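The next block holds one structure in the form of structure tokens; read it before the comments.
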Amino acid sequence: MPLFDKKDKSRYATFTRRSVGMGGGMAAVFAVLAGRLYQLQIRDGDQYLEDAEANRVSQRLLAPPRGRIVDRFGVELANNRRNYRVLLVSEQASEGAEHALEQIGKVIHLTDQQKKKVLRDIAANKKFVPVPVAENLTWEDFSRINLHLPYLPGVQPDVGESRDYPFGKEAVHILGYVASVSPKEKAAESDALFSLPGYHTGKRGIEKEFDKPVRGRAGTSRVEVNAYGRIIRELGKDAGEPGDDVYLTIDRQVQQMVASKLGEESAACVVMDVHNGDVIALASTPGFDPNWFNNGLSGAQWRELTTNDHKPLLNKVVGGTYPPGSTFKIALALAAVEAGIATTDYHVTCSGVYNFGGHAFHCWQRKGHGTMDLQQAIQHSCDVFFYETSRRLGIDRIEAAARKLGLGAPTGIELPGERGGLIPSREWKQKTYKWAWQQGDTLSVGIGQGYVTVTPLQLVQMTARVASGKAVSPRIVHSVGGRLMPREAPAKLDFGDEALATVREGLRKVTNEPGGTGFPWRITEPGFEMAGKTGTAQVRVFTREERARGLTKNENLEWKMRDHALFVGYAPVINPRYAIVNIIEHGAIGHPHVVMARDILHFCQQRDPARMPNAYPVTSAAADAPPKKQSQAVPVPPSKAGG
Amino acid sequence: MAPRPYAAAKRTLSFADKLFEVNWGLVLLIALIGMAGIAMLYSVAGGQFQPWALRQLGHFTLGLIVLLMAAMIDIRVWMSLAYPAYGVALLLLVAVETIGHIGMGAQRWISVGPMELQPSELMKIALVLALARFLHGKSMEDVSKPLPLAIGLAMIGIPAIFVFLQPNLGTTLIIIMDGCALLFLAGLSWWWIGPTLGAIAASIPLAWQFVLHDYQKARVETFLNPAADALGKGWNITQAKIAIGSGGVAGKGFLEGTQSRLNFLPEKQTDFIWTSFCEEFGFVGALALLILFAVVIFYGVQTAMSARSQFSRLVAMGVVLNFFFYIMINGMMVMGMIPVVGIPMPLLSYGGSAMLTVMLGFGILMSVHIHRQVEIPRHSGGII
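Encoded structure:
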């Protein structure tokens, strides 16, 4: 058999032919590969380079520190502290967010509620957005997370800043609180900061009113990141701007005193400088600790806040409206002197009841006060005197006087949620009830009942105006970020000096002359005496039958039905400086509100924050300088009025 | 025709002769590509010899030794080893089904001492050898007869099924393509080839339905529409294309490839190493590397055609085609032209098993080159 034959030859030829063909095919494939390279690298190269840059470079937002809120002496009422927290990027959690949470839960304590919230947040955000899992961790917990990090994909430890209110609920209704950005806020404006994980915005009080300047401007950091979002290095940085500090007119020492005095009563109290309107203290109780909202409010806490009948979420100072009761007699008295009705000869005899138009209008003093002049009527808070006086004045003049004192309209204080209250007028009644004003309506208004409602802040404003003779309005913010709040020097109050002097003397008698409704709770220390006016606002009108059965005592009523107890006052009597309002809702048993007001005014005068060197970064000569000399509002010397 | 015995066919080459006959140019070319791969592994590790570059250097050195040793072995010895090698490779393949451990979601390795052995890689070489030997004894008419054809197809099909079951779609494809190419080169009649191609085209929908694994289907779906899931399954292709494209004409420079350094590229040290190369060296560098590959292949085809025995020719072409299919599938895969199938780039990608088989292949190719004058009769078993 031959070694090679024809068959071999033919298959060699075929092999060679087919190999060459295959070689050609391979060359074609290489050409295709080269063509594809051309396509990707040269034709579309620029686009892919952009994509690669977009991959590599990440714009990180830098949260600016939120501006502090400080009192007039620079005491920090709201500041920031380090917040060790854990973020989760769901996209990077290789085995799903739930698994990741489980793993985190093995390292630090997580409640089921927290886990549910995180899953909700993850569902609400894009997959690459870091969502806070736990905040305000202890250093130990935070270290543990860092230690276990290699086994926790998608978990990012983070040191952020968290709002802190060192004095808890003490000034909560001034400061407000911060909490997560609401969907409504996100829809209303688009601040880059909102996209930061766990970013908080101001929800109430100063935090809300001055949220924008306090936020600051977000900085950005251009960083190179790897595919897992880990930052490799910084490429460039814009530091942004820290938020503005807010300087309040509050004196934290007085604020603390006021808050602790009010305790858990459902109450509102404001202390105000009568000359420039500086609010020294402002409290509405019960309050709540604004720090709760930082750490995430529990369901129980939220229920407590929303269902408590003492309304802890409401700032009663600006948002609560009350019948002013007898405190309204100040406005009436001023109107009466001004109108020439209450001359020195003007007397009204009180028999305990005032019959008008077939109705019996009762005085709080059932046995009657006898014959009194204006100052005595203020001192004793005689209702019959003011029924008669209001009848003579008529609603128009009463309304005008109340308006001059700033009642029935927002004061314009730098706090959200201020309400206007109501000073009724003929037009108002016609419009609202389609019924003409009746004189009986005037009589009710004359003792601060009926349609008239005011806020506690309006009452302290009224008191300050009477005490200073100036049309002052309360203010609580001195400056923001070194910029003074715009404010004009108060104009002179539009009442004659005689009217003011007469009424002031009446107010002095209330708390300094025997028989005055506030006499038992006066300030006895010479030079510190206060003037004031008590008030009781009826919540419930007694029926004739109840009166007949003598069931008018508040002690017999359930809390919600009891009268509100009011007190307005100022001190010192000579050369007044501080005005106060104190309202205890349904608190008309005993006179705790007067006692509190006395103690606060006394403390405030001893401390005298208005004359202490403040810590403001800027000063306005006009509004801030305490009047060293006697102002134009000359109080009546006690010697003359005493007799 | 009278027999024309060649002297060289009888002569036993001395070791020195063989060393002299080694195509050192090809070895240099291979070394150049290997070094490029090691440089890339150094780069994707962020400018570190650990964990890949140094070990790959070890793999490559070992591979070079394997290449030279294989080159020294007489082609007739290789011929006689063909069937035993096939048998062993098949046994190992079966073994991974039973004792192999799970790696990358597929049973592909068995441990042989300290080394991880991939029998499917060995099988590619063994199949080339065995099929070449089988076809060596068949004339063109024989090849197209049903029985020999059936045997040839069985030799391809049996290992292909086992590799497919691992599951390793990429290697299965290479084994089938390699085997079929050898049948074609051996002179298989067009009467067989035409209808078969038609039948394959018709069966693709059926394979989709019944044969492919879910993850394999996902790869195909992702390929057809990578943007649909750009952060999920489409990630690999999207990022690979960004890496290559962003290299531009001149590339970002050595060690400057952001896509790989920052881990946007998955499997950057193995299947996607070519992408990193394209990113750092641009169109110019990538084209240069493609040309190097092409030259290697050209050498291989030339070697095959210059050999004087059918076995040598088929083995040489088989090895070359194997190398080519790797490049084609990997290149097309990372450039988004075909679905991701998990095939490394030969000589570039990190991995000992693949490196050794590629170098073993080149060794046998070199043996063909050295023994190109050796003539082996059609009915010879190849033993000296």
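Same order as they appear, the protein sequences are chains A and B.
Under the working numbering, residues 11 to 653 are what the first sequence spells out, in order.
Under the working numbering, residues 20 to 403 are what the second sequence spells out, in order.
We treat Cβ as the ideally placed atom computed from N, Cα and C, and that holds for glycine.
Only a predicted model underlies this, so the values are computations on that prediction, with no experimental measurement involved.
DSSP puts residue i in a beta bridge; with which residues?
i, result
"R617 (chain A)", "Per DSSP, none; premise fails for R617 (chain A)."
"S231 (chain A)", "A:R70, A:K247"
"A277 (chain A)", "A:T295, A:I594"
"G380 (chain A)", "A:C360"
"H372 (chain A)", "A:V363"
"F79 (chain B)", "For F79 (chain B), which the question treats as bridged, DSSP gives no partner whatsoever."
"D168 (chain A)", "A:R95"
"D288 (chain A)", "A:R485"
"V432 (chain A)", "Strictly speaking, residue 432 (chain A) in this sequence is Leu, with Val absent from that position. BP columns for L432 (chain A) point to A:T463."
"V256 (chain A)", "A:I79, A:V490"
"D174 (chain A)", "A:N89"
"S190 (chain A)", "A:H210"
"I241 (chain A)", "A:V235"
"K480 (chain A)", "A:K502"
Counting only C-beta atoms, is residue i closer than 8 Å to chain A at any point?
i, result
"S265 (chain B)", "yes"
"S158 (chain B)", "yes"
"T322 (chain B)", "no"
"G206 (chain B)", "yes"
"Q329 (chain B)", "yes"
"F268 (chain B)", "The amino acid occupying residue 268 (chain B) in the given sequence is Val; Phe does not appear at that position. With 8 Å as the cut-off, V268 (chain B) counts as an interface residue toward chain A."
"G56 (chain B)", "no"
"L366 (chain B)", "no"
"I261 (chain B)", "yes"
"C199 (chain B)", "no"
"G272 (chain B)", "no"
"M352 (chain B)", "no"
"Q67 (chain B)", "no"
"R397 (chain B)", "yes"
"K29 (chain B)", "Residue placement at K29 (chain B) is flagged as unreliable, the pLDDT there being 48, under the threshold of 50; the coordinate-derived value follows with that caveat. It does not: the Cβ of K29 (chain B) has no partner Cβ on chain A nearer than 8 Å."
Hey, does residue i have any beta-carbon neighbour from chain B nearer than 8 Å?
i, result
"L43 (chain A)", "yes"
"Y48 (chain A)", "yes"
"G212 (chain A)", "no"
"L87 (chain A)", "no"
"R21 (chain A)", "yes"
"K17 (chain A)", "yes"
"G215 (chain A)", "no"
"T316 (chain A)", "no"
"L59 (chain A)", "yes"
"R66 (chain A)", "yes"
"G330 (chain A)", "no"
"M282 (chain A)", "no"
"T295 (chain A)", "no"
"V264 (chain A)", "no"
"D221 (chain A)", "no"
"M36 (chain A)", "yes"
"V39 (chain A)", "yes"
Compute the beta-carbon to beta-carbon distance between residue i and residue j, rounded to the nearest angstrom, for a pair I have assumed lies under 8 Å.
i, j, result
"W293 (chain B)", "N349 (chain B)", "6 Å"
"A149 (chain B)", "A101 (chain B)", "5 Å"
"V578 (chain A)", "G287 (chain A)", "16 Å between Cβ atoms; not a contact."
"L141 (chain B)", "L172 (chain B)", "The Cβ separation is near 21 Å, so there is no contact."
"S205 (chain A)", "L71 (chain A)", "7 Å"
"A62 (chain A)", "I256 (chain B)", "Not confirmed; about 15 Å, so no contact."
"L415 (chain A)", "A341 (chain A)", "5 Å"
Cβ of residue i versus every heavy atom of the ligand ADP: is any distance shorter than 7 Å?
i, result
"L206 (chain A)", "With respect to the ligand ADP, the structure offers nothing, as it holds no ligand at all."
Are the C-beta atoms of residue i and some chain C residue less than 8 Å apart?
i, result
"R152 (chain B)", "Chain labels in this structure do not include chain C; the protein chains are A and B."
If you scan the stretch 100-165 of chain A from start to end, which runs of the alpha helix (DSSP H) of 4 or more residues do you find wholly inside it? 107-117, 122-134, 149-158
Interface positions of the stretch 299-316 of chain B facing chain A (Cβ-Cβ less than 8 Å), listed along the chain: G301, F302, A305, L306, L309, F312, A313, I316
Hey, which unbroken runs of the alpha helix (DSSP H) at 4 residues or more fall wholly within the stretch 284-338 of chain B? 292-325
Suppose only complete runs of 3+ residues qualify. What are the beta strand (DSSP E) ranges in the stretch 496-580 of chain A, listed by chain order? 541-547
Interface positions of the stretch 235-252 of chain A facing chain B (Cβ-Cβ less than 8 Å), listed along the chain: V235, N236, A237, Y238, I242
Could you list the residues in the stretch 129-153 of chain A with a C-beta less than 9 Å from some C-beta on chain B, going in chain order? K137, F138
Residues of the stretch 457-468 of chain A in Cβ contact with chain B at a cutoff of 8 Å, in chain order, please. none
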